[in-house]
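**Q** Protein chains in written order, with full-length UniProt numbering: chain A, 1 to 353; chain B, 1 to 353; chain C, 1 to 353; chain D, 1 to 353; chain E, 1 to 57; chain F, 1 to 57.
Backbone N, C-alpha and C fix where the C-beta goes; we use that ideal spot for every residue, glycine too.
Being a predicted model, the structure only gives us computed values, none of them experimental.
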Amino acid sequence: MSTSEYGVKRVAILGGTGFTGAEIYRLLSKHPLFKVEFVSSESKAGSPVDKHFMAARHGKKSNALKFSKIADLNSNYDIIFSCLPTGVLPQFINQLSLHADYIFNVSGDYRVTDLDLLQKHYPETLKHEFVGSSYYYIPEFSEIDHQVKVVNLPGCMAVATIYTIYPLLAHDLIENRIVSDAKTGSSGGGKTTTEHHAERTNNFRAHKVHGHRHKPEIEFAFKTYFQKEIDLQFSTYSLDLPRGIMVTSYSVLKEGVSEIDVKKAFYRTYSSTPFIHYFNSNTGHNSNPMIKTVAGTNYGEVGVYIDGKNCVSIASIDNLIKGAGGQAIQAANLYMGFPEETGLQSELEGAWP
Amino acid sequence: MSTSEYGVKRVAILGGTGFTGAEIYRLLSKHPLFKVEFVSSESKAGSPVDKHFMAARHGKKSNALKFSKIADLNSNYDIIFSCLPTGVLPQFINQLSLHADYIFNVSGDYRVTDLDLLQKHYPETLKHEFVGSSYYYIPEFSEIDHQVKVVNLPGCMAVATIYTIYPLLAHDLIENRIVSDAKTGSSGGGKTTTEHHAERTNNFRAHKVHGHRHKPEIEFAFKTYFQKEIDLQFSTYSLDLPRGIMVTSYSVLKEGVSEIDVKKAFYRTYSSTPFIHYFNSNTGHNSNPMIKTVAGTNYGEVGVYIDGKNCVSIASIDNLIKGAGGQAIQAANLYMGFPEETGLQSELEGAWP
Amino acid sequence: MSTSEYGVKRVAILGGTGFTGAEIYRLLSKHPLFKVEFVSSESKAGSPVDKHFMAARHGKKSNALKFSKIADLNSNYDIIFSCLPTGVLPQFINQLSLHADYIFNVSGDYRVTDLDLLQKHYPETLKHEFVGSSYYYIPEFSEIDHQVKVVNLPGCMAVATIYTIYPLLAHDLIENRIVSDAKTGSSGGGKTTTEHHAERTNNFRAHKVHGHRHKPEIEFAFKTYFQKEIDLQFSTYSLDLPRGIMVTSYSVLKEGVSEIDVKKAFYRTYSSTPFIHYFNSNTGHNSNPMIKTVAGTNYGEVGVYIDGKNCVSIASIDNLIKGAGGQAIQAANLYMGFPEETGLQSELEGAWP
Amino acid sequence: MSTSEYGVKRVAILGGTGFTGAEIYRLLSKHPLFKVEFVSSESKAGSPVDKHFMAARHGKKSNALKFSKIADLNSNYDIIFSCLPTGVLPQFINQLSLHADYIFNVSGDYRVTDLDLLQKHYPETLKHEFVGSSYYYIPEFSEIDHQVKVVNLPGCMAVATIYTIYPLLAHDLIENRIVSDAKTGSSGGGKTTTEHHAERTNNFRAHKVHGHRHKPEIEFAFKTYFQKEIDLQFSTYSLDLPRGIMVTSYSVLKEGVSEIDVKKAFYRTYSSTPFIHYFNSNTGHNSNPMIKTVAGTNYGEVGVYIDGKNCVSIASIDNLIKGAGGQAIQAANLYMGFPEETGLQSELEGAWP
Amino acid sequence: MSSLSCLVCKSDFSVEEDATTGEIVECSSCGQEHEVHAVHNLITIALAPEIEETWGE
Amino acid sequence: MSSLSCLVCKSDFSVEEDATTGEIVECSSCGQEHEVHAVHNLITIALAPEIEETWGE
Ligand SMILES: NC(=O)c1ccc[n+]([C@@H]2O[C@H](COP(=O)([O-])OP(=O)(O)OC[C@H]3O[C@@H](n4cnc5c(N)ncnc54)[C@H](OP(=O)(O)O)[C@@H]3O)[C@@H](O)[C@H]2O)c1
Ligand SMILES: NC(=O)c1ccc[n+]([C@@H]2O[C@H](COP(=O)([O-])OP(=O)(O)OC[C@H]3O[C@@H](n4cnc5c(N)ncnc54)[C@H](OP(=O)(O)O)[C@@H]3O)[C@@H](O)[C@H]2O)c1
Ligand SMILES: NC(=O)c1ccc[n+]([C@@H]2O[C@H](COP(=O)([O-])OP(=O)(O)OC[C@H]3O[C@@H](n4cnc5c(N)ncnc54)[C@H](OP(=O)(O)O)[C@@H]3O)[C@@H](O)[C@H]2O)c1
Ligand SMILES: NC(=O)c1ccc[n+]([C@@H]2O[C@H](COP(=O)([O-])OP(=O)(O)OC[C@H]3O[C@@H](n4cnc5c(N)ncnc54)[C@H](OP(=O)(O)O)[C@@H]3O)[C@@H](O)[C@H]2O)c1
Ligand SMILES: [Zn+2]
Ligand SMILES: [Zn+2]
């Protein structure tokens with residue numbers, strides 16, 4: 001791909017020592033059109049960025065770029081990628097807005113806008129008023145709105161769930177009762193998770209049976225952006241894996257809907273999405289979505305399986321890439337008018353086993 | 001426990017080199033009232049049994065007991081434990097019936113008795129007529145019937161599912177639509193599974209989305225033995241674990257049913273089952289069912305979580321023990337009139353992490 | 001085993017919320033002759049002990065025993081098991097000595113007594129003078145000395161290494177140059193380890209190539225207690241396992257020493273040790289020491305393999321049990337004159353796979 | 001990199017359904033200068049190649065290229081990559097030699113040329129006379145010899161070991177006694193390994209303590225190609241990982257050799273090798289070689305750690321890539337005069353954790 | 001462009017004239033894979049063989 | 001090109017004139033990392049800070 005026709009953009013990353021911030025830094029180090037010029041960390045401010053990253057292990061390192069505190073961001077950037085824990089961005093948002101055209105935000109802060117939901121699930125967010133405009137953006141389904149300042153990417157388990165049910169809802173194929181069973185790897189909780197390796201390993205357990213924040217997010221997304229009210233049961237589980245999410249959604253086909261209607265809906269939805277791949281043949285378990293083949297990539301795998309009225313749809317993604325950092329870069333590519341796949345294709349993708 | 005009041009029973013194991021047969025052999029080596037005198041293997045006939053078992057690694061070994069072919073079983077035993085692949089026991093059943101009071105069978109052959117289901121799911125079983133009587137037996141829920149010859153233990157994922165929904169159905173608390181999402185470790189497929197370690201490890205994937213044989217078994221169990229017709233969606237998934245099953249069942253409470261009704265039903269059902277433990281407090285994820293704390297034991301963990309009308313019930317067991325070998329011994333204890341826990345308690349149970 | 005002839009001993013555990021303290025508490029809950037009456041925790045003082053333990057998951061719980069601060073230990077106990085981080089016991093040792101006949105200590109504080117080594121490796125220990133007597137005790141090799149107050153158990157990797165080379169040194173079979181390569185699971189670092197699950201999992205890496213504290217301990221043990229000067233290279237590695245240690249020691253046979261001399265030495269050393277099993281047949285990789293078959297038990301596996309002058313000896317143990325808590329109980333059994341295996345045998349030991 | 005100046009080469013792969021063959025096929029699908037036109041499989045002959053590969057999961061598939069039997073190879077190719085089990089290539093070698101300029105061979109068949117060693121370790125190879133010329137080639141250390149027909153790549157554990165000791169031997173820094181402790185993931189045995197996932201997982205065990213074929217290979221390599229006689233103890237261990245090898249070599253510095261001499265030797269050896277990276281700072285365990293950061297790449301990590309006379313050198317590689325398929329492509333790049341890194345750089349390399 | 005009818009969902013879809021034998025073409029409506037059989041420049045299709053995608057097994 | 005002396009092995013090695021402050025330069029003999037301190041166009045070096053490379057911790 002010739003990228004010479006595009007201008008290079010100046011980028012800042014907030015929360016660069018975190019799991020998702022590190023992924024964005026790593027991915028952008030190979031991106032021809034985004035140049036990282038600021039990386040925040042409160043705990044490592046002053047220390048060279050490259051020393052911190054495993055990603056720089058087999059590449060050239062420089063001491064030139066050092067971590068800075070967020071409060072010291074005072075140049076202007078085309079884009080800020082914000083990878084802060086939920087509740088932190090609101091403390092800085094009004095000031096940061098002055099220094100960037102767009103803020104691509106992977107935290108939960110502005111995903112829902114309903115006051116009741118915010119009060120219940122994001123009380124920290126509400127503590128700081130944000131005077132700008134904000135927007136929930138899924139690269140595969142949302143329109144670009146160049147007027148907004150903050151582009152919020154979806155939650156990792158939320159978006160995997162949305163990939164399983166969007167085609168069904170968009171084509172009005174299912175009853176509104178949906179059960180989603182979501183399993184996630186351990187990086188999903190960020191670098192400060194306290195669960196000991198010895199406890200997590202060789203185990204599988206329920207994480208949040210009820211009350212996960214991604215449930216209202218999914219409901220809100222379908223209601224606000226796609227005008228669908230759903231009746232969702234959403235439960236989460238912990239896998240002994242470093243990365244990866246798999247969500248299965250169970251639903252019931254509406255009277256008269258056939259298997260071929262469902263397959264058509266999925267095929268149409270995902271036939272031209274470069275990163276979400278719908279597997280329409282079902283010949284052996286290796287043709288079903290799995291985690292191993294998406295881990296480390298920006299790809300998602302989607303499958304749907306019909307047995308009579310029973311509809312089971314499955315999606316798998318890497319939580320740190322397609323569920324966070326890669327998703328944000330994909331969104332930024334689209335906002336900047338760059339080819340969607342820029343910097344996100346993997347030459348060595350697909351190692352097996 | 002004083003066991004001197006009971007007489008020791010003579011036992012044969014069929015399929016002693018398999019995963020479940022080995023577990024029964026290992027467990028019975030410490031059981032004070034069952035004495036193993038015959039162990040079958042076609043492939044290792046003539047070779048000393050103790051040489052084969054990792055379980056004998058830290059114990060005393062003897063060369064006295066050698067593997068025999070099934071066709072060479074011609075003494076009489078109080079009990080035969082049959083751990084053969086589905087389709088094999090029927091070839092020998094009429095002959096074996098003459099040599100044992102009871103056959104405790106962990107394979108799928110006689111679990112369903114409906115001819116259509118047999119034809120569809122167990123065609124191998126139908127090839128051989130069995131003239132004796134057979135019975136589906138779950139230690140926690142079934143009555144003992146001393147008249148039968150073959151006592152069939154439930155399938156491992158089937159019984160874990162049954163533990164999640166039995167209290168709900170027995171107390172008529174839920175609508176009949178149930179979604180069960182079952183995850184299993186790799187020993188579930190027996191020792192001849194061809195999936196390579198390098199492929200299974202570091203992965204999570206769908207196994208059978210539709211069409212697993214435990215679905216008709218569960219439906220049949222509830223219909224025949226508990227007179228309940230259910231509308232079940234049952235899907236299975238593969239974990240990167242050696243052992244263990246977790247099943248989550250999603251259902252909807254009937255109008256007027258409260259959380260406390262549900263908790264009462266679970267509490268009553270499991271208050272006196274020595275091996276199935278209902279966890280009724282939900283304080284942190286460690287109080288939920290998990291696989292790590294049941295692996296290697298005959299215990300099962302059950303939890304139920306209500307959010308409005310949404311009912312989520314979870315069970316975990318070790319597939320090879322509570323899902324097969326331990327279950328069979330527990331059943332045999334009950335049939336022989338022994339204390340239910342004989343030989344199944346673990347002094348070192350509960351290692352963490 | 002009839003235990004009625006022995007009197008029950010009163011026990012206190014220090015560091016009861018830690019990994020090794022929890023193992024001792026769990027194991028003693030089934031021990032017929034030790035009764036735990038005090039369990040320390042600074043962070044959970046006042047909270048019921050049983051609430052904290054996964055081990056109590058399938059057993060009867062009581063609220064009677066609550067965690068206490070160490071400073072509040074003022075009754076007298078027959079035995080104190082001390083499971084505190086290195087450097088903590090010395091702060092309390094003189095006071096605690098007044099309240100117990102023996103302190104069985106799994107921390108590193110008093111293992112070496114050479115002042116230079118203490119200064120270099122245990123500066124915290126030196127900060128507090130201890131006026132009593134202390135002793136390094138390996139159940140398999142050391143004599144009981146009833147005069148000492150503090151019985152120090154060996155370090156987990158140190159003792160595994162000692163198991164590999166003791167028979168060789170005791171029988172003077174090898175040159176004094178020894179290379180020991182030690183691999184350990186993640187519980188070895190205790191509950192406060194900061195390495196994230198996502199980083200540890202699916203990895204194998206060097207931990208301490210040089211400078212691990214167990215090196216001077218091993219050298220000191222052989223010098224002081226067995227009068228052997230060794231030239232040891234000792235390096236440690238991190239496994240993606242919750243528990244277990246395997247150490248391989250590489251040495252060179254002295255001129256004239258044969259394979260059979262070596263096998264005799266190992267056989268004699270371990271023929272009557274109830275917990276350390278020497279595997280003298282080498283028929284397939286399952287007859288070699290491994291971690292899976294010792295994890296969760298107080299057993300150790302030892303093998304030795306000769307090729308010409310090359311001697312390779314291997315040992316595996318569970319770091320939390322045979323490397324810490326189980327070892328301490330085994331030592332206490334011996335000190336109290338109880339049968340060595342009391343409370344340490346596992347009825348369900350040996351589950352495979 | 002502009003590749004337009006080079007001509008595209010026609011390639012055949014033998015053993016394309018195997019683990020290493022699949023990696024070569026996958027890597028070459030992105031290689032601009034090698035075009036795969038023939039892929040052998042006896043078991044899947046006639047079936048479309050792309051259906052078989054997980055690597056094609058997120059790419060475009062074609063049915064055009066079908067697997068063929070080796071005996072049906074009768075066009076001419078610039079290069080054959082041979083990924084057959086040891087003993088198979090010799091059956092076809094004389095015929096194949098007529099159809100290719102070079103055969104890059106990852107199997108063990110022609111690595112040693114000493115007749116005694118062949119007789120002992122490669123009896124199958126000796127059964128068929130090969131009339132052409134053959135050569136042992138390590139991209140980092142060997143000269144290109146355009147006269148040979150068969151270019152043999154080193155064994156995976158052999159080459160990792162060689163990376164640890166080559167700088168030491170080339171600069172004459174160590175005594176000739178070397179202990180190498182090699183740990184490997186499960187794909188090392190190829191797709192037909194019979195060890196069950198449930199047995200391999202959650203374990204660490206000795207594989208071959210003595211007698212591994214890579215020991216004579218290493219000795220032979222140093223003797224023949226580098227004129228160094230070494231006294232090597234080489235033992236192998238099995239990790240619960242899908243891929244990756246780590247080898248630690250323990251040696252003793254010659255009198256007068258300093259740490260800085262050693263560091264200089266490693267630095268010089270690896271300062272311009274594009275795929276082997278020497279880590280000369282040792283600040284925390286993340287700066288040591290590990291498996292996680294090389295798995296899925298053609299990179300190797302090397303470290304060396306001195307304590308007095310004790311020299312410990314460590315290397316890690318991916319067995320299927322740098323230990324086999326990637327190595328062969330790297331060699332072919334060099335033989336063809338292509339830039340060494342062509343097709344082997346990873347844009348998404350370095351994902352963490 | 002050849003216009004063909006999907007063997008599963010019956011929708012029409014088109015295939016490039018230069019499609020080669022063995023090529024996989026997807027129905028543009030339901031995604032069903034078909035294998036191209038080209039006979040004397042006339043393209044016909046069959047359902048892509050539902051052989052299990054073994055992918056490295 | 002500035003010629004500098006390695007702070008560990010004492011070997012001479014050279015650094016590009018346009019090396020920027022903060023840049024890491026390796027001794028060409030032993031590989032030791034140094035950090036460039038440029039003062040008034042005069043390049044000086046210090047050992048690269050031996051801070052632990054935390055890499056994602
Ligand atoms: N992990 C996932 O899979 C995932 C997926 C989708 C979305 N997300 C969202 O992405 C965000 C980041 O997640 P993560 O997993 O990358 O978290 P993380 O690993 O915990 O990293 C958090 C980052 O934020 C910085 N930070 C923390 N507290 C701060 C404060 N009070 N002020 C300024 N900086 C602060 C940290 O910097 P220092 O510690 O260096 O100071 C660190 O760089 C979260 O909102 C999360 O919900 C995560
Ligand atoms: N694995 C589980 O978690 C689980 C749970 C519940 C129920 N089950 C059921 O338990 C049964 C055994 O399962 P498994 O996992 O233990 O299987 P397995 O590991 O494959 O063992 C099968 C045993 O049966 C013997 N066998 C195989 N084919 C035979 C034949 N044609 N004639 C005579 N003996 C034959 C084998 O003996 P040789 O190879 O030595 O000749 C071996 O001892 C199955 O019916 C399974 O459905 C398994
Ligand atoms: N882990 C192993 O494999 C292993 C093997 C052999 C020997 N050891 C040794 O055993 C000892 C304990 O190891 P571990 O792995 O069990 O450690 P751990 O999991 O970190 O537990 C430490 C325990 O000590 C308590 N504690 C910590 N700091 C304290 C302080 N300043 N004052 C009073 N109590 C304090 C903690 O109580 P609260 O946090 O509840 O207050 C906790 O109960 C260490 O000396 C270790 O070297 C460990
Ligand atoms: N695995 C590693 O890490 C590694 C590393 C370095 C070197 N190597 C070497 O690379 C070679 C291949 O290893 P691998 O792990 O890829 O093995 P593998 O997974 O077992 O694959 C072997 C391949 O060879 C084919 N094959 C087997 N027997 C054959 C026969 N008799 N005639 C013709 N084709 C036959 C198989 O084809 P079908 O079954 O489809 O007919 C398959 O494609 C071996 O020599 C190995 O020592 C392997
Ligand atoms: Zn169609
Ligand atoms: Zn230098």
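What number of angstroms, rounded off, separates the C-alpha of L168 of chain A from the C-alpha of K208 of chain A?
**A** By 1-based counting over the first sequence, the position of residue 168 of chain A is 168. By 1-based counting over the first sequence, the position of residue 208 of chain A is 208. Going by the C-alpha atoms only, they are around 25 Å apart.
**Q** Does the Cβ of S29 of chain E lie closer than 7 Å to at least one heavy atom of ligand 5?
**A** Taking the first residue of the fifth sequence as 1, we reach residue 29 of chain E at position 29. S29 of chain E Cβ: within cutoff of ligand 5.
**Q** Since T193 of chain C meets chain A, which of its residues come closer than 9 Å, beta carbon to beta carbon?
**A** One-based indexing of the third sequence puts residue 193 of chain C at position 193. Within 9 Å Cβ-Cβ: H196, H197, A198.
**Q** If I measure Cβ to Cβ from R177 of chain C and keep anything under 6 Å in the same chain, skipping five residues before and after, which residues do I get?
**A** By one-based count along the third sequence, residue 177 of chain C stands at place 177. The answer, listed in chain order, is D231.
**Q** If you reduce the DSSP assignment to three classes, tell me which class Y135 of chain B lands in.
**A** Along the second sequence, one-based indexing puts residue 135 of chain B at 135. If DSSP states are grouped into helix, strand and coil, Y135 of chain B belongs with the strands.
**Q** Please go through the same chain and pick out, in chain order, the residues whose beta-carbon is closer than 6 Å to the beta-carbon of E347 of chain A, but skip the five residues on each side of it.
**A** Within the first sequence, numbered from 1, the residue matching residue 347 of chain A stands at position 347. In this predicted model, E347 of chain A has a pLDDT of only 45, less than 50, meaning its place in the structure is not dependable; the value taken from the coordinates is given anyway. The answer is none, since no qualifying residue turns up.
**Q** Could you run through the region 51 to 64 of chain D and flag, in chain order, every residue whose CB is less than 7 Å away from some CB of chain E?
**A** Residues K51, H52, F53, M54, K61, S62, N63, A64.
**Q** List the endpoints of the continuous alpha helix (DSSP H) containing R205 of chain B.
**A** Counting from 1 along the second sequence, the entry for residue 205 of chain B is found at position 205. That residue, R205 of chain B, is in no alpha helix (DSSP H); its beta strand (DSSP E) goes 205 to 208.
**Q** Between the C-alpha atoms of A324 of chain C and E23 of chain F, what's the straight-line distance to the nearest angstrom?
**A** By 1-based counting over the third sequence, the position of residue 324 of chain C is 324. By 1-based counting over the sixth sequence, the position of residue 23 of chain F is 23. Using only the alpha carbons, I get a separation of about 48 Å.
**Q** Can you give me the Cβ contacts of I174 of chain C inside the same chain, cut-off strictly under 7 Å, excluding the 5 residues immediately before and after it?
**A** Here the question's residue 174 of chain C lines up with position 174 in the third sequence. Within the same chain, I174 of chain C has close Cβ partners L168, S251, V252, L253, K254, C311.
**Q** Taking a Cβ distance cut-off of 7 Å, strictly less, list which residues of the region 282 to 313 of chain A are near chain B, in chain order.
**A** Those residues of the region 282 to 313 of chain A that come within reach of chain B (Cβ to Cβ, closer than 7 Å) are H285, N288, P289, M290, I291, K292, Y305, D307, N310, V312.
**Q** Output needed in chain order: residues of the region 158 to 188 of chain A with a Cβ under 7 Å from some Cβ in chain B.
**A** So the list reads V179, D181, K183, given in the order they occur along the chain.
**Q** For D318 of chain B, collect the residues of the same chain with a Cβ closer than 7 Å to its Cβ; drop the 5 residues on either side in sequence, then sort them by chain order.
**A** Residue 318 of chain B sits at position 318 when you count from the first residue of the second sequence. So the list reads R243, G244, V294, A295, G296, T297, once near-sequence residues are dropped.
**Q** Let me see if you follow: with CB-CB separation under 8 Å, is T269 of chain D close to chain B or not?
**A** Reading the fourth sequence from its first residue, position 269 is the one you call residue 269 of chain D. So, not an interface residue.
**Q** From the DSSP output, which residues share a beta bridge with Y77 of chain D?
**A** The count along the fourth sequence starts at 1 and reaches residue 77 of chain D at position 77. Answer is D:A100, bridged to Y77 of chain D.
**Q** Does the beta carbon of I45 of chain F come closer than 8 Å to any beta carbon on chain A?
**A** Start at 1 with the first residue of the sixth sequence, and residue 45 of chain F comes out as number 45. Judged by the 8 Å Cβ criterion, I45 of chain F is not in contact with chain A.
**Q** Name the chain D residues that come within less than 8 Å of E23 of chain E, Cβ to Cβ?
**A** As a position in the fifth sequence, residue 23 of chain E is number 23, starting the count at 1. Near E23 of chain E (Cβ distances below 8 Å), the residues of chain D are S62, N63, A64.
**Q** Taking K35 of chain D as part of the beta strand (DSSP E), name the residues at either end of that continuous run.
**A** Looking up residue 35 of chain D in the fourth sequence gives position 35. Note, K35 of chain D: beta strand (DSSP E), 34 to 39.
**Q** Which residue wins for smallest C-alpha separation from I329 of chain B, given the options B:R26, B:G18, B:T17?
**A** Position 329 of the second sequence, counting from 1, holds the residue named residue 329 of chain B. Out of B:R26, B:G18, B:T17, B:R26 has the C-alpha closest to the C-alpha of I329 of chain B.
**Q** Residue range of the alpha helix (DSSP H) that E143 of chain D falls in?
**A** As a working mapping, residue 143 of chain D is identified with position 143 in the fourth sequence. Counting along the chain, E143 of chain D falls outside any alpha helix (DSSP H), and DSSP gives it neither H nor E.
**Q** Under 8 Å, Cβ to Cβ, is there at least one residue of chain D near N202 of chain A?
**A** Walking along the first sequence from the start, residue 202 of chain A turns up at place 202. Judged by the 8 Å Cβ criterion, N202 of chain A is in contact with chain D.
**Q** What first and last residue would you give for the beta strand (DSSP E) that runs through E26 of chain F?
**A** Walking along the sixth sequence from the start, residue 26 of chain F turns up at place 26. It spans 24 to 26 - the beta strand (DSSP E) in which E26 of chain F sits, taken as one unbroken run.
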